[in-house]
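Okay, so here's the structure we're looking at.
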Amino acid sequence: MIKKQLTNIEFSDYAKKFLERSRFKTKAEPINLEKDKKSFLGITTISVTPKIIGELRQIHQSIPDEVMQGVLVWKVVNGTLAHESGLEAGDIITHIDGIPVHDASDIYILCSKEKKKVKMDIIHHGKKKRITVKPPR
1 MIKKQLTNIE FSDYAKKFLE RSRFKTKAEP INLEKDKKSF LGITTISVTP KIIGELRQIH
61 QSIPDEVMQG VLVWKVVNGT LAHESGLEAG DIITHIDGIP VHDASDIYIL CSKEKKKVKM
121 DIIHHGKKKR ITVKPPR
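Here UniProt numbering is used: the first residue of the sequence shown is 1, the next is one more, and so on.
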């Protein structure tokens, strides 16, 4: 019960930060998934802290001991660049082109439009894996 409350508190902190940042948006623009699948990566992520890593290890996932930061892939949109590269919900992105990833903004900065492809180091089903991803156009 305590563990669940701590997770809810941590999530509510994340939600508050998200809402604070989103208040500057004036109008949401719909995405045409059929037309625009290559214009965005297609993932929903959660920043991973040592605390979250510990909780994931306790619940079910085998995560290598040296992994203490990264971004957990929460959802992947079918047919998008992330889906085509092999990313799956539950993967943890730890590095892009050898640079550590700490939050979602790192992904978008490191996957700039100038690059034709990037190498992502991920934890996939508890094992380290390197995949190649085409950045959004």
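Using N, Cα and C, we set each Cβ at its ideal position, and we do this for glycine too.
Under the three-state reduction of DSSP, Lys51 is assigned to helix. Under the three-state reduction of DSSP, Asp103 is assigned to coil, being neither helix nor strand. Ranking Ile46, Gly90 and Gly79 by CA distance to the CA of Ile59 puts Gly90 first. When the Cα atoms are used, Lys51 and Glu66 turn out to be separated by approximately 14 Å. Closest by C-alpha distance to Val133, out of Val71, Val101, Asp97 and Thr44, is Asp97. Secondary structure of Ile63 (DSSP, three-state): coil. CA-to-CA, the gap between Pro135 and Glu55 works out to about 31 Å.
DSSP places Leu81 inside the alpha helix (DSSP H), whose first and last residues are Leu81 to Ser85.
Apart from the 5 residues on each side of it in sequence, Lys129 sits with its Cβ closer than 7 Å to the Cβ of Ile122 in its chain, given in chain order.
The residues Val118 and Pro135, in chain order, have a CB closer than 6 Å to that of Cys111 in the same chain once the five nearest residues on each side in sequence are set aside.
Cα atoms of Lys116 and Thr49: separation of roughly 30 Å, rounded to the nearest angstrom.
Leu56 carries a helical assignment under DSSP once its states are collapsed to helix, strand and coil. Counting the other Cβ atoms within 10 Å of the Cβ of Thr45 gives 16 or more, which makes it buried. With fewer than 16 other beta carbons inside 10 angstroms of its own, Ile109 counts as exposed.
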